[in-house]
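S.K.: Below are the structure tokens for one structure; questions will follow.
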Amino acid sequence: TISSRDWMNSSNSAPPDMSPARGSNRAEGLNIPVPALNVSRTVAAPVIFMRGVGNNSATAGQEQNVAFYIDDVYYPSMTAALTEFNNIERIEVLKGPQGTLFGRNTTGGLVHIITKDPAHEPSGKVQAGYANYETVSGSAYSTRGLTDTLAADLSATGYKQSKGWGHNIFNGREVNKRSSLALRSKALWTPTDDTRITLTGDYSRTKGDVGSTRQRLPGPLLQNLRTATGAPLTLNGVPANYANAPFNGVP
Numbered sequence: 422t423i424s425s426r427d428w429m430n431s432s433n434s435a436p437p438d439m440s441p442a443r444g445s446n447r448a449e450g451l452n453i454p455v456p457a458l459n460v461s462r463t464v465a466a467p468v469i470f471m472r473g474v475g476n477n478s479a480t481a482g483q484e485q486n487v488a489f490y491i492d493d494v495y496y497p498s499m500t501a502a503l504t505e506f507n508n509i510e511r512i513e514v515l516k517g518p519q520g521t522l523f524g525r526n527t528t529g530g531l532v533h534i535i536t537k538d539p540a541h542e543p544s545g546k547v548q549a550g551y552a553n554y555e556t557v558s559g560s561a562y563s564t565r566g567l568t569d570t571l572a573a574d575l576s577a578t579g580y581k582q583s584k585g586w587g588h589n590i591f592n593g594r595e596v597n598k599r600s601s602l603a604l605r606s607k608a609l610w611t612p613t614d615d616t617r618i619t620l621t622g623d624y625s626r627t628k629g630d631v632g633s634t635r636q637r638l639p640g641p642l643l644q645n646l647r648t649a650t651g652a653p654l655t656l657n658g659v660p661a662n663y664a665n666a667p668f669n670g671v672p
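In my numbering, the protein residues as written are 422 to 672.
What follows is the structure in structure tokens.
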């Protein structure tokens with residue numbers, strides 16, 4: 422296979438518009454540092470457009486027109502771009518139609534996130550935060566050498582919004598809340614100077630209804646319906662109340 426690093430090291434095939442982007446922990450944060458890239462979010466998946474080329478659909482099983490890679494591995498699921506990171510080394514963006522070996526023949530381009538390799542020198546960092554709507558967030562990263570030739574790391578990041586942005590007046594519940602958890606680990610084995618074997622595992626879970634659309638189902642929802650003058654509302658001579666109020670003609 423041909424990785425983006427191979428493309429960068431090749432003077433003949435390196436695309437002139439490969440743009441490393443720094444300072445972001447998710448694909449949604451690339452709108453400002455990367456020109457001609459637009460990343461928006463739906464409930465199910467992000468929507469990525471490159472130079473106006475993209476796909477608005479977030480249907481399960483459908484691939485994007487802008488490919489998404491993590492550490493040279495292609496992620497066919499569009500929901501993979503919702504993952505958060507706290508161990509990003511760099512983010513690369515390739516614009517325009519891609520080839521078969523790297524890029525999946527996409528017409529818009531690709532986004533490639535490269536995470537840090539484990540280090541033998543022990544190190545780590547921990548962050549915690551508290552924000553509006555009772556939102557608690559946390560992040561932790563640790564790496565160390567296990568043997569002279571084996572090193573491993575572990576990164577975890579997540580947040581939980583306990584108070585919603587809205588209120589459902591029908592059932593009294595709070596709505597428009599989010600929570601997320603992402604775990605990622607790498608093991609790097611270097612038995613010789615010319616051999617590198619990397620094992621990577623990741624897990625992510627995102628829950629929320631922000632941006633979801635709701636449609637009222639047929640059936641009674643309101644009680645004691647009245648007109649603008651305050652008189653009880655009747656439909657075909659029958660009072661429209663909680664017990665028999667129709668919706669769009671459906672009782």
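Even for Gly, the Cβ is constructed at its ideal location relative to N, Cα and C.
So, do the stretch 542 to 556 and the stretch 577 to 585 have three or more beta carbon pairs nearer to each other than 8 Å?
M.R.: Taking 8 Å as the limit for Cβ pairs, the verdict is that the stretch 577 to 585 does touch the stretch 542 to 556.
S.K.: Whole alpha helix (DSSP H) runs in the stretch 538 to 603 with 4 or more residues, listed along the chain?
M.R.: Counting whole runs of 4 or more residues, the stretch 538 to 603 contains no alpha helix (DSSP H) stretch at all.
S.K.: Figure out for me which residue from Gly629, Asp574, Tyr580 has the closest Cα to the Cα of Thr619.
M.R.: For Thr619, the nearest C-alpha among the options comes from Asp574.
S.K.: Check whether the Cβ atoms of Thr621 and Lys607 lie closer than 7 Å to each other.
M.R.: Their beta carbons are under 7 Å apart, which means Thr621 touches Lys607 by this criterion.
S.K.: By the 10 Å Cβ neighbour count, where 16 or more other Cβ atoms means buried, how is His533 classified, buried or exposed?
M.R.: Answer is buried; the Cβ neighbour count reaches 16.
S.K.: Taking contact to mean 3 or more Cβ pairs, one atom from each stretch, closer than 8 Å, check whether the stretch 524 to 532 and the stretch 554 to 569 are in contact.
M.R.: No contact exists between the stretch 524 to 532 and the stretch 554 to 569.
S.K.: Spatial neighbours of Ala577 within its chain, please: C-beta separation below 6 Å, excluding the five flanking residues on both sides.
M.R.: Around Ala577: Ala561, Leu604.
S.K.: Skipping 5 residues on each side, what residues in its chain have a beta carbon closer than 6 Å to that of Gly593?
M.R.: Cβ within range, chain order: n/a, list empty.
S.K.: Secondary structure at Tyr624, three-state DSSP: helix, strand or coil?
M.R.: Three-state result, Tyr624: strand.
S.K.: What three-state label does DSSP hand Gly450 in the structure shown?
M.R.: Three-state DSSP puts Gly450 in a helix.
S.K.: Leaving out five residues on either side along the sequence, give the residues of the same chain with a beta carbon under 7 Å from the beta carbon of Lys516.
M.R.: Once the five neighbours on either side are set aside, the close Cβ partners of Lys516 are Asp438, Ala457, Met471, Arg472, Gly530.
S.K.: Consult DSSP for Thr611 and reduce its assignment to one of helix, strand or coil.
M.R.: DSSP places Thr611 in strand when its eight states are reduced to three.
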